[in-house]
Amino acid sequence: MCQDEKASIADLPLFCEKESGDVEQFRKRMAPILDKYPSYDTIYTLDRWLRSYNNDIEEAVKRMTRALKNLYALDACKDYDSVESLNDFLHTISRAAEYFPGGIMGPDKHGNIILVQPMGRARPKTMMRLGRVSDLYKAAILEAEACMYFLRKEEAVRGRQLGIIFISDLAELSLETIYMPAVKAYMNVLDVLQCLFPNSIKKVYVINSPSMISVLFNMVKQVLSKRMIESIEFIGNDWQQRLKDELGEENIFRHWGGTKEAVKETGTIRMGGEVPASVRDEILRTLKFIPDDQLTKTTVPASGTLEIPVHVLQSNSSLQWYFTVNAGEIDFKITFGKEEEKF
179 MCQDEKASIA DLPLFCEKES GDVEQFRKRM APILDKYPSY DTIYTLDRWL RSYNNDIEEA
239 VKRMTRALKN LYALDACKDY DSVESLNDFL HTISRAAEYF PGGIMGPDKH GNIILVQPMG
299 RARPKTMMRL GRVSDLYKAA ILEAEACMYF LRKEEAVRGR QLGIIFISDL AELSLETIYM
359 PAVKAYMNVL DVLQCLFPNS IKKVYVINSP SMISVLFNMV KQVLSKRMIE SIEFIGNDWQ
419 QRLKDELGEE NIFRHWGGTK EAVKETGTIR MGGEVPASVR DEILRTLKFI PDDQLTKTTV
479 PASGTLEIPV HVLQSNSSLQ WYFTVNAGEI DFKITFGKEE EKF
C-alpha cells in the first residue's frame, strides 16, 4: 500500500486560518477511512477534495469515502517503481493495452506530473471489438491513480500542492477515426475520473488539433466541470516551444520537441495506431462470447430502464455481468442500498 509522508497545516503557510481549520476538521471526519487508506492522508489531497465541494465537509466525506472504496475494489492503489512498471501492469488487464493511447511522461520543472494522450492515433472502432468497455474504464482509472501516486510523492518531497499537466495530442485525428459509441464511452470515462480525482488537473494543453475539433469539444464539454474547461488551452503551431518553456525541455520526450532521454523518442507513452492483424486474431480468440441462445433477450425503450435484482448470498463475492446491445446505446449502474455506481 502506498505510504506517503503526511504534510501538516504548519507546512502550508498560504492556507488561511479558516482553511486550515476546515481541512483539519475534514481529516478528523475522514479518520476511520484514512486509517484504512493511509496514502491519501496528506493535507494536499484532503484540500483538493474539500475545495471540490466548496468546503462542504459532509459532502466531501461522502464523496471521498465512496471514491476510495471504489479505487481499492479495483485494486488501483499500488506502489510503482517507475512508469514502465505501470505499463507492465496495464498489459495484465488487456492484451490490447499498448494500443490505448496514453501514458505518464514524468514530472515537469515544477514537480507537476505530465500525462500525455495521443488520442489522434486511437483506432476506437477496432479497440471496441477487442475488449470490454469496462477494460477502458479500468485502464483509465489505474493510470489516473498512478498519476496521483507519483503526484503525492512529488508533493511530499517539495512540500507544496501540485497538479496534473494533461497534454492531448490530436495529430492524425480525422472524421474517419471518430466512432460515436467510443466517444460516448470516453465521455463517461471523463465523468468518472472527475468524480474519483477531483481538482487534480492543473492545466490541459491541446496540440495538433484539426479544424473540426470544435464539434468534438462541444460534445465533451457536456461532462467537464467548469474548472476543467477553464484549464483547457488549444495551442497553435508554436506548441513545442510553449511546452518547453512551461514544462522544461529536459522533461519532454523527443517526439514532442524535448530532450528527455529514452530508448524510443516517444518514451513510455503508448502511441496507439493500427492493431496488427496477428494481435487482433490472438485477442479475439481469448475473448469470452456467450451464444445468443444462452442469453435472455429484452427490449429497453428510449429513456426506459430495466432492473435486474441480484441476491448475493456470500460475503466477498465477485459480481460479474455480460450483455450485448444489438442497436443503440445504454448506460447501466449498480445499486446497493442507497449507494450506486454508474458505468
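For the record, in the sequence shown the residue sitting at position 306 is 484 according to my numbering, with numbers rising by one throughout. Where is the CB? At the ideal position from N, CA and C, for every residue including glycine. Note that the coordinates shown come from a computational prediction; the quantities given were computed from them, not determined experimentally.
Flag this pair as yes or no: are the beta carbons of residue i and residue j separated by less than 9 Å?
{"i": "Trp434", "j": "Asp347", "result": "yes"}
{"i": "Leu249", "j": "Lys214", "result": "no"}
{"i": "Met305", "j": "Ala349", "result": "no"}
{"i": "Pro296", "j": "Gly309", "result": "no"}
{"i": "Lys381", "j": "Ile430", "result": "no"}
{"i": "Ile291", "j": "Leu351", "result": "no"}
{"i": "Gly284", "j": "Arg338", "result": "no"}
{"i": "Arg307", "j": "Arg458", "result": "yes"}
{"i": "Thr464", "j": "Arg301", "result": "no"}
{"i": "Ala322", "j": "Phe375", "result": "yes"}
{"i": "Leu320", "j": "Leu264", "result": "yes"}
{"i": "Val367", "j": "Leu314", "result": "yes"}
{"i": "Ile345", "j": "Val294", "result": "yes"}
{"i": "Arg244", "j": "Ser230", "result": "no"}
Could you have a look at residue i and say whether DSSP puts it in helix, strand or coil?
{"i": "Asp182", "result": "Below a pLDDT of 50, predicted positions are generally treated as unreliable, and Asp182, at 42, falls in that range; the measurement from the model is reported next regardless. Correct three-state label for Asp182: coil."}
{"i": "Pro285", "result": "strand"}
{"i": "Thr513", "result": "strand"}
{"i": "Arg448", "result": "strand"}
{"i": "Gln295", "result": "strand"}
{"i": "Glu507", "result": "coil"}
{"i": "Phe501", "result": "coil"}
{"i": "Ile486", "result": "coil"}
{"i": "Phe467", "result": "coil"}
{"i": "Ile342", "result": "strand"}
{"i": "Lys438", "result": "strand"}
{"i": "Phe431", "result": "strand"}
{"i": "Glu443", "result": "coil"}
{"i": "Cys255", "result": "coil"}
{"i": "Asp266", "result": "helix"}
{"i": "Ala275", "result": "helix"}
{"i": "Ile356", "result": "coil"}
{"i": "Tyr327", "result": "helix"}
Tell me residue i's beta-bridge partners as DSSP assigns them.
{"i": "Ile385", "result": "Asp347"}
{"i": "Glu411", "result": "Tyr383"}
{"i": "Lys240", "result": "Per DSSP, none; premise fails for Lys240."}
{"i": "Ser280", "result": "The sequence shown places Gly at residue 280, rather than the Ser named in the question. DSSP lists Arg448 as partners of Gly280."}
Measure the C-alpha to C-alpha separation of residue i and residue j and round it to an integer number of angstroms.
{"i": "Val503", "j": "Thr477", "result": "10 Å"}
{"i": "Gly450", "j": "Asn233", "result": "40 Å"}
{"i": "Ala334", "j": "Thr437", "result": "27 Å"}
{"i": "Ile391", "j": "Val384", "result": "10 Å"}
{"i": "Tyr277", "j": "Glu452", "result": "8 Å"}
{"i": "Arg432", "j": "Glu443", "result": "5 Å"}
{"i": "Ile282", "j": "Ala209", "result": "31 Å"}
{"i": "Asp470", "j": "Tyr500", "result": "12 Å"}
{"i": "Ile271", "j": "Gln400", "result": "29 Å"}
{"i": "Ser493", "j": "Pro388", "result": "51 Å"}
{"i": "Ile468", "j": "Glu460", "result": "18 Å"}
{"i": "Asp257", "j": "Tyr218", "result": "13 Å"}
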